[in-house]
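**Student:** Okay, so the sequence shown: first residue is 1 according to my numbering, each after it adds one.
Right, I'll just put the structure down here and ask away after.
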Amino acid sequence: MRCINANFQHVNLHKANFVCANARETIFMNANLLSTAKFVGSNLCMVTFMDTDISIDQLHSAVSIQDAKLPSGMLGTASSLLIHGNSDCKQSVENIWKLSDSESIITVPSNNDKFH
Numbered sequence: 001m002r003c004i005n006a007n008f009q010h011v012n013l014h015k016a017n018f019v020c021a022n023a024r025e026t027i028f029m030n031a032n033l034l035s036t037a038k039f040v041g042s043n044l045c046m047v048t049f050m051d052t053d054i055s056i057d058q059l060h061s062a063v064s065i066q067d068a069k070l071p072s073g074m075l076g077t078a079s080s081l082l083i084h085g086n087s088d089c090k091q092s093v094e095n096i097w098k099l100s101d102s103e104s105i106i107t108v109p110s111n112n113d114k115f116h
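What follows is the structure, given as structure tokens:
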């Protein structure tokens, strides 16, 4: 679903489904989300959630909340895909990096890769 720059001000979004939606720059100000709207895998960059009842779990289920205006008034930040992501040239990536999202994929270039 694509709802870029949409306006959901003062709307009841009980059980709304925004799964994998690109909702960039959308306004949910004063929207009643009732903690049942689904945002799993959504792009919520620069979205306005001021005066909503969106939960932390809903926000964490999104792909990105970077620069989103959260109900607290704070701006959302981009989450890191890696935990302990400092690379060590002498160890393989698969052995030292832990993925924060179990569905992330690590691509390791081969020695024959022309971009290596």
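Where a beta carbon is used, it is the ideal one built from N, C-alpha and C, also for glycine.
Since this is a predicted model, take the numbers as computed values, not measurements.
Who are the near neighbours of Ile-4 in its chain, counting only those whose CB is closer than 8 Å to its CB and skipping five residues on each side?
**Tutor:** Reading the sequence shown from its first residue, position 4 is the one you call residue 4. The answer, listed in chain order, is Asn-22, Ala-23, Arg-24, Glu-25 and Thr-26.
**Student:** DSSP on Leu-59, reduced to helix/strand/coil?
**Tutor:** Taking the first residue of the sequence shown as position 1, residue 59 is located at position 59. If DSSP states are grouped into helix, strand and coil, Leu-59 belongs with the helices.
**Student:** Excluding the five sequence neighbours on either side, which residues of its own chain have a C-beta within less than 8 Å of the C-beta of Gly-73, listed in chain order?
**Tutor:** Reading the sequence shown from its first residue, position 73 is the one you call residue 73. Correct list, in chain order: Met-50.
**Student:** Can the beta-carbon of Val-40 be found less than 9 Å from the beta-carbon of Lys-69?
**Tutor:** Counting from one through the sequence shown, the residue named residue 40 turns up at place 40. Counting from one through the sequence shown, the residue named residue 69 turns up at place 69. No, these two residues do not count as a Cβ contact at 9 Å.
**Student:** Use the C-beta contact count for Leu-75: other C-beta atoms within 10 angstroms, 16 or more gives buried, fewer gives exposed.
**Tutor:** Here residue 75 refers to the residue found at position 75 of the sequence shown. Looking at its Cβ environment, which holds fewer than 16 other Cβ atoms inside 10 Å, Leu-75 is exposed.
**Student:** Can you grab the Cα-Cα spacing for the pair Ala-37 / Gln-66, in whole Å?
**Tutor:** Within the sequence shown, numbered from 1, the residue matching residue 37 stands at position 37. Within the sequence shown, numbered from 1, the residue matching residue 66 stands at position 66. If I take the Cα positions, the gap works out to 19 Å.
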